[in-house]
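This report refers to the structure that appears directly beneath it.
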Amino acid sequence: MQKSLHIDPNKCTGCLQCEMACSWENHRSFTIAKSRIKVFSFHEAARFVPYTCTQCDEAWCMMACPTEAIKLDPVTGAKIVLDPTCVGCKVCTIACPFGTINYVASSGKVQKCDLCGGAPACAKACPTGAITFVDADWTGLEKMRQWADKTDTNPATV
Amino acid sequence: MAWTKKVLRVNLTAGTCTTEPLNQQWAQDYLGQRGLATKYLCSEIDPKVDPLAEGNKLIFVTGPLTGTMAATGGRYSVVTKGPLTGAIACSNSGGYFGAELKFAGWDMVIFEGRSAKPVYLLIIDGKAELLDASHLWGKTTWHTEETLKKQHQDPQIRVASIGRAGESGVMYAGIVNDLHRAAGRSGVGAVMGSKNLKAVAVRGTLTDAYQVANPEAFFTAVDAGKAVLAANGVTGVGLPTYGTQVLMNIINELGALPSYNHREAQFESANAIGGEAMHEKRPTDGKPNLVKNGACFGCTIACGRISRMDPNHFSVKDKPQYHGASGGVEYEAAWALGAANGVSDLEALTYANFLCNEDGYDPISFGATVGAAMELYDLGILTEAEVGLKLTWGSAEALVKLAEWTAVGEGFGKIIGLGSKRLCAKYGRPELSMTVKGQEFPAYDGRGLQGMGLEYATSNRGACHVRGYMVSPEVLGIPVKMEPQATEGKPAMLKAFQDLTAVVDSAGICLFTTFAWGLQDIQPQIQAACEGDWSEERLLLVGERIWNLEREFNLGAGLSKKDDTLPPRLLTEAIKTGPQKGAVCHLDKMLPEYYEVRGWSAEGVPTAATRTRLSL
Chain P
1 MQKSLHIDPN KCTGCLQCEM ACSWENHRSF TIAKSRIKVF SFHEAARFVP
51 YTCTQCDEAW CMMACPTEAI KLDPVTGAKI VLDPTCVGCK VCTIACPFGT
101 INYVASSGKV QKCDLCGGAP ACAKACPTGA ITFVDADWTG LEKMRQWADK
151 TDTNPATV
Chain Y
159 MAWTKKVLRV NLTAGTCTTE PLNQQWAQDY LGQRGLATKY LCSEIDPKVD
209 PLAEGNKLIF VTGPLTGTMA ATGGRYSVVT KGPLTGAIAC SNSGGYFGAE
259 LKFAGWDMVI FEGRSAKPVY LLIIDGKAEL LDASHLWGKT TWHTEETLKK
309 QHQDPQIRVA SIGRAGESGV MYAGIVNDLH RAAGRSGVGA VMGSKNLKAV
359 AVRGTLTDAY QVANPEAFFT AVDAGKAVLA ANGVTGVGLP TYGTQVLMNI
409 INELGALPSY NHREAQFESA NAIGGEAMHE KRPTDGKPNL VKNGACFGCT
459 IACGRISRMD PNHFSVKDKP QYHGASGGVE YEAAWALGAA NGVSDLEALT
509 YANFLCNEDG YDPISFGATV GAAMELYDLG ILTEAEVGLK LTWGSAEALV
559 KLAEWTAVGE GFGKIIGLGS KRLCAKYGRP ELSMTVKGQE FPAYDGRGLQ
609 GMGLEYATSN RGACHVRGYM VSPEVLGIPV KMEPQATEGK PAMLKAFQDL
659 TAVVDSAGIC LFTTFAWGLQ DIQPQIQAAC EGDWSEERLL LVGERIWNLE
709 REFNLGAGLS KKDDTLPPRL LTEAIKTGPQ KGAVCHLDKM LPEYYEVRGW
759 SAEGVPTAAT RTRLSL
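Chains as they are written, first to last, in the working numbering: chain P, 1 to 158; chain Y, 159 to 774.
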């Protein structure tokens, strides 16, 4: 079964533990500037929204890459940047409609979420369940459950 | 390795920024943040210096756990000599700024001298420069943060700045970062203003600035700590749900909620301004005041209140800039803006709190000063002609107006900006100022909770609840239950709390973790992050050393035993009603014993033996 990251912004408090975990996982450093997941704060709307690559099936980044440096991991479904092949041309950063693949000046390569090989550090670090790693075919399950809970099969008892 | 080992020294007079290596012996002796900056300050300034003169210094400082994955590891402090008290000032803040400073590679920034014109400091990793802030002077902290992000085309810059209160010398002006987090108390923002320093903007992208010493042990300790916070009733449920406002009804029911400038110890409208009330739908627009809870950097508790006002409330009716969500009232602010002066309008408190954030002044000292002014008005000493409005107890209109005036130093707001001590002295009634060493009390009655009375009298930064939080044992039973009115054992317990708090404040983590964490939870995190051997015993010794160094600074500044006291109201006027009826604070019973357990002389001076034991 393939799994995917599932984000529920309503549960996010903006603590950035996910960004730290990502930075540690990929750079062995607590530097959120290097994180592949970013939490956006919409201050006046009182919303925090974690945002990262959703691993498009027909990934723009992968298709745009002139050196075939972005490959599909058939196990996790992640689109992975192969550092030795990446030449840092940044065409993928233009192709991606969501901005979730970005250049890293210090390495001369691009980076994007690779699902940590199937155990995403961000989901593990999230203290509120705003980021979970769930059955890719059922990311809507929790939302369905919430609406299901609102159905009233026996109005007379209310 | 958890330190960046770099100090940025900014000479505002000369306009220079220089890099220095961190004094690593001092890091070993004082850990970081509060302790380390205190050591630097005490070594570099004359304690008798005028706090607002060029000779005072202002230190922004992080701790070894700041910018790590330790829960709440995002704190920084601002340390200076405080104008409100004339004592050492150390104000602690969360948000994201502290971690960013660490990401940029700095343990601390020391500001000295005074700039001839308004400037701000821009730090991009290892590069620091002073830039012209004339376009920001006269603007709010919100405007400043937004402008700097736009101007430098980098929304990821973090900003700590002063608002108009800091510029105009409000004695309890704070420094606001990330819109509504503040190094709020003791007037650190007034010192910043006196130096013509408007803001510090920082962006950190380094991956090699610091590292935890033993990553495997660190993650084990950090994960264990997070599990303790999640499982604890206060940090796992109470604080995320109600914020610190969970305390309003508890403290009121206990009869230790000072109101009407400490004339009363209960507030009849406490439930209208507490944590539960923030969740209730307003009758006016059917929406609750609280929108959601928010976290500071790295915090798995998330006690922060994010509120949205009723757009039709009289205070914001024609001011759409306050109709969006922003930082809501925490317990201390709700108490000071509300109970301390009898105001029960939660929306008015929220608006005043917004202004405190927007223009950078401490809602505790502001609200308590309004309370003192209302008592002076009630006694006929202050008049409507003098104030410019009717200053009757409970007037939300007066609170709102004074908040607006104080923010910009207008009219009677100039007087309110002096703080309660100077206000009451000016009108010939110094005994009505509910302050210690010039700083206003927070939200617990020192008569109702004897240990808190002692804490207020002995805190090194004047009346303060976050130096030795005796509410924990006296109300919450953490780590053991102590009866509020008992005096036995309180001095020793207070000393333990004060020393532990100094450790927490020096580590880079939030004091609120200690609702759940003991030293046994904190020590392994420090041990794994820092070089050296950090036993619990050593950490407590570090905490005690910090406390005594702060004390010595204050003694050098001219404070003495006579300042370790409470206003006569708390010592002689018994609480009139409620569960603590009849209580005064028995400071005379506790203070000599406190000096003794501290290893101080009967005059409150650390003895030679104590100084030797602490290597001072």
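The C-beta atom is built at its ideal place from N, Cα and C for all residues, glycine as well. Predicted model, so just to flag it, every value in this text is computed and none were measured.
Along the alpha helix (DSSP H) that carries residue i, what are the first and last residues, could you check?
i       : result
L189(Y) : First-last for L189(Y): undefined, no H or E at that position.
L397(Y) : L397 to Y400
S417(Y) : That residue, S417(Y), is in no alpha helix (DSSP H); it is neither H nor E in DSSP.
K450(Y) : Per DSSP, K450(Y) belongs to no alpha helix (DSSP H); it is in the beta strand (DSSP E), L448 to G452.
C18(P)  : Q17 to H27
N706(Y) : E694 to G714
I684(Y) : L677 to A687
Taking residue i as the reference, which of the options has the closest Cα?
i       : options                               : result
A291(Y) : Y278(Y), P478(Y), I282(Y) and E303(Y) : Y278(Y)
K747(Y) : L677(Y), T564(Y), T645(Y) and L729(Y) : T645(Y)
Y368(Y) : T31(P), M144(P) and G14(P)            : T31(P)
K579(Y) : L448(Y), T230(Y) and A530(Y)          : A530(Y)
L387(Y) : T768(Y), E542(Y), L698(Y) and C668(Y) : C668(Y)
G324(Y) : N354(Y), Y418(Y) and A379(Y)          : N354(Y)
A654(Y) : G609(Y), A665(Y), A621(Y) and I539(Y) : G609(Y)
K648(Y) : A665(Y), G666(Y) and V629(Y)          : V629(Y)
Q683(Y) : L699(Y), V661(Y), E702(Y) and I704(Y) : V661(Y)
I101(P) : D152(P), A59(P) and W138(P)           : A59(P)
K124(P) : A357(Y), E555(Y), M227(Y) and I203(Y) : M227(Y)
V624(Y) : K639(Y), M640(Y), P637(Y) and Y602(Y) : Y602(Y)
A526(Y) : A497(Y), I704(Y) and E516(Y)          : A497(Y)
Tell me which residues share the same chain as residue i and place their Cβ nearer than 6 Å to its Cβ, disregarding the 5 neighbours each side in the sequence.
i       : result
G327(Y) : A348
G413(Y) : A423, Q424, G606, G736, P737 and Q738
R111(Y) : Since the displayed chain Y opens at 159 and closes at 774, residue 111(Y) lies outside it and no answer follows.
M532(Y) : N499, L549 and W551
G256(Y) : T220, T224, G232, R233 and Y234
G173(Y) : L288
For residue i, count the other beta carbons within 10 Å of its own beta carbon; 16 or more makes it buried, fewer makes it exposed. Which is it?
i       : result
W147(P) : exposed
F570(Y) : buried
R361(Y) : buried
M266(Y) : buried
F40(P)  : exposed
K548(Y) : exposed
V219(Y) : buried
H6(P)   : buried
H437(Y) : exposed
V404(Y) : buried
Q55(P)  : buried
V755(Y) : exposed
Q10(P)  : Inspection of the sequence shows that residue 10(P) is occupied by Asn rather than by Gln. The residue is exposed, with fewer than 16 neighbouring Cβ atoms inside 10 Å.
K28(P)  : Lys is not the amino acid found at residue 28(P); the sequence shown has Arg there. Counting Cβ neighbours within 10 Å, R28(P) comes out exposed, since fewer than 16 surround it.
F599(Y) : buried
Which residues in the same chain have their Cβ closer than 7 Å to the Cβ of residue i, if we skip the five residues on either side of it in sequence?
i       : result
L557(Y) : L495, N499, V501, A506, A510 and V528
C12(P)  : V39, F48, V49, P50, T128 and A130
E44(P)  : none
Excluding sequence positions up to five away, which residues of its chain have a Cβ less than 8 Å from the Cβ of residue i?
i       : result
L717(Y) : G244, A245 and K595
T730(Y) : V742
L199(Y) : K215, I217, V237, T238, K239, I246 and F711
G203(Y) : Reading the sequence as shown, one finds Ile at residue 203(Y) and not Gly. Answer for I203(Y): G213, N214, K215 and K239, listed in chain order.
L634(Y) : V392 and F673
So the beta strand (DSSP E) residue i belongs to, where does it begin and stop?
i       : result
Y614(Y) : From DSSP, Y614(Y) is part of no beta strand (DSSP E) but of the alpha helix (DSSP H) over Q608 to T616.
F47(P)  : Checking the sequence, you will find Arg at residue 47(P) rather than Phe. First-last of the beta strand (DSSP E) with R47(P): R47 to Y51.
H6(P)   : K3 to I7
Y752(Y) : Run containing Y752(Y): none in the beta strand (DSSP E); it sits in the alpha helix (DSSP H), L745 to R756.
G462(Y) : G462 to S465
(message) With three or more C-beta pairs closer than 8 Å as the rule, is the region 339-347 of chain Y touching the region 509-522 of chain Y?
(response) yes
(message) When you compare the region 24-38 of chain P with the region 109-129 of chain P, are there three or more beta-carbon pairs, one atom per stretch, that lie closer than 8 Å?
(response) yes
(request) Please confirm if the region 54-67 of chain P is in contact with the region 82-101 of chain P, defined as three or more CB-CB distances below 8 Å between the two stretches. (result) yes
(message) Between the region 70-77 of chain P and the region 115-130 of chain P, can you find at least three pairs of beta-carbon atoms closer than 8 Å?
(response) yes
(request) Please confirm if the region 374-385 of chain Y is in contact with the region 281-288 of chain Y, defined as three or more CB-CB distances below 8 Å between the two stretches. (result) no
(request) Indicate whether the contact test is met: 3 or more Cβ pairs, each with one atom in the region 450-459 of chain Y and one in the region 15-22 of chain P, closer than 8 Å. (result) yes
(message) Closer than 8 Å is the cut-off here; do at least three beta carbon pairs connect the region 533-541 of chain Y with the region 481-496 of chain Y?
(response) no
(request) Determine contact between the region 391-400 of chain Y and the region 683-697 of chain Y, defined as no fewer than three beta-carbon pairs at a distance below 8 Å. (result) no
(request) Please determine if the region 174-187 of chain Y and the region 203-220 of chain Y are in contact, where contact requires at least 3 C-beta pairs separated by less than 8 Å. (result) no
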